[in-house]
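Encoded as structure tokens, the structure appears first; notes follow it.
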Amino acid sequence: MARGKFIVFEGTDGSGKTTQMKLLGEYLSARGPVHLTHEPTASPYGALLRSCMAGKTDADEHVIALLFAADRIDHIQNAEHGMAGLLEAGVTVLCDRYYFSSFAYNGGFVPLEWVVELNRPAMEMLRPDLVIYLDVSPEDAMARVALRGERERYEDLARQKLIREKYFEVFERFKATENVVVVQSGSTPEATQREVRRVAETLFGGKA
Ligand code: TYD
Numbered sequence: 001m002a003r004g005k006f007i008v009f010e011g012t013d014g015s016g017k018t019t020q021m022k023l024l025g026e027y028l029s030a031r032g033p034v035h036l037t038h039e040p041t042a043s044p045y046g047a048l049l050r051s052c053m054a055g056k057t058d059a060d061e062h063v064i065a066l067l068f069a070a071d072r073i074d075h076i077q078n079a080e081h082g083m084a085g086l087l088e089a090g091v092t093v094l095c096d097r098y099y100f101s102s103f104a105y106n107g108g109f110v111p112l113e114w115v116v117e118l119n120r121p122a123m124e125m126l127r128p129d130l131v132i133y134l135d136v137s138p139e140d141a142m143a144r145v146a147l148r149g150e151r152e153r154y155e156d157l158a159r160q161k162l163i164r165e166k167y168f169e170v171f172e173r174f175k176a177t178e179n180v181v182v183v184q185s186g187s188t189p190e191a192t193q194r195e196v197r198r199v200a201e202t203l204f205g206g207k208a
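The working numbering numbers the first residue of the sequence shown as 1 and each following residue consecutively.
Take a look at the structure:
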């Protein structure tokens, strides 16, 4: 059986990842089994991370970076629901955030080199076939986040700008080995989804 495709969605908070990934999942499920997942994960490691992000558990930024790397390795290798096993079984896996989130977010607080090293095992274990970066201006992203009525640890404008810059910095750095496609997410969800589908189709033999 053919190995499944591994597609990652990245973007700043409010970039529309969750909606776009869900719509792509519906579209791709016509071809075969699709699994939608996210990081931080639903595992106990992910639960601990969410508690740190919400400020309920006190955690140094180094601890947070380590926990994200740990959560990610479990997400890949877990014997029951690990992504590596699913892909091996021919399932297409769509993942909301992966190691580029660690570089862009955590790499702004602790040395990026160290975060890259922490994520080296994940990069070697499981590289995405495609990373879709949903690009939205930091102002629009903040407006979307405000509409949802949520405010987490990282969601202020200056911070969102830095995160976006960091994303582009690491895309440039890893462009020889990582298949990253930037999709504009500034207009309607439908228009963005058309572009997301077109880009995803390239993995299944469609035209770029
Ligand atoms: P997420 O659940 O995607 O937030 P949202 O629902 O707003 O899209 O991610 C939660 C937060 O975790 C987000 O602010 C980004 C942060 N994060 C990191 O700092 N490092 C990481 O490695 C990952 C995966 C997420």
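By construction, the Cβ of each residue, glycine as well, lies at the ideal position given by its N, Cα and C atoms.
Exercise for the section: Grab the span of the beta strand (DSSP E) containing glutamate 124 for me, first residue to last. Expected result: Glutamate 124 -> not in any beta strand (DSSP E); alpha helix (DSSP H) instead, spanning 112-125.
Practice task
Assess, as a yes-or-no matter, whether the region 157-177 is touched by the region 36-51 under the definition of 3 or more beta carbon pairs within less than 8 Å.
Solution key: no
Exercise for the section: Classify proline 111 as buried or exposed, calling it buried when 16 or more other Cβ atoms lie within 10 Å of its own Cβ. Expected result: exposed
Exercise for the section: Please confirm whether any heavy atom of the ligand TYD lies closer than 7 Å to the CB of proline 40. Expected result: yes
Exercise for the section: Let me know the secondary structure DSSP gives valine 93 once reduced to three states. Expected result: strand
Exercise for the section: Consider the C-beta atom of arginine 164 and the heavy atoms of the ligand TYD; say whether any pair is separated by less than 7 Å. Expected result: no
Exercise for the section: Report yes if the CB atom of methionine 123 is closer than 8 Å to the CB atom of tyrosine 99, and no otherwise. Expected result: yes
Problem - Nearest residue (CA-CA) to proline 121, options Asp74, Gly90 and Arg144 - result: Asp74
Problem - Residues sharing a beta bridge with histidine 38, DSSP - result: Asp96
Handout entry: Under 8 Å between C-beta atoms of valine 196 and leucine 24
Key = yes
Exercise for the section: Would you check whether the ligand TYD has a heavy atom nearer than 7 Å to the C-beta of lysine 17? Expected result: yes
Handout entry: Integer-rounded CB distance, given that lysine 17 should sit under 8 Å from aspartate 71
Key = Rounded, the Cβ-Cβ distance is 17 Å, inconsistent with contact.
Problem - Reference phenylalanine 204; option with closest CA among Asp140, Asp129 and His38 - result: Asp129
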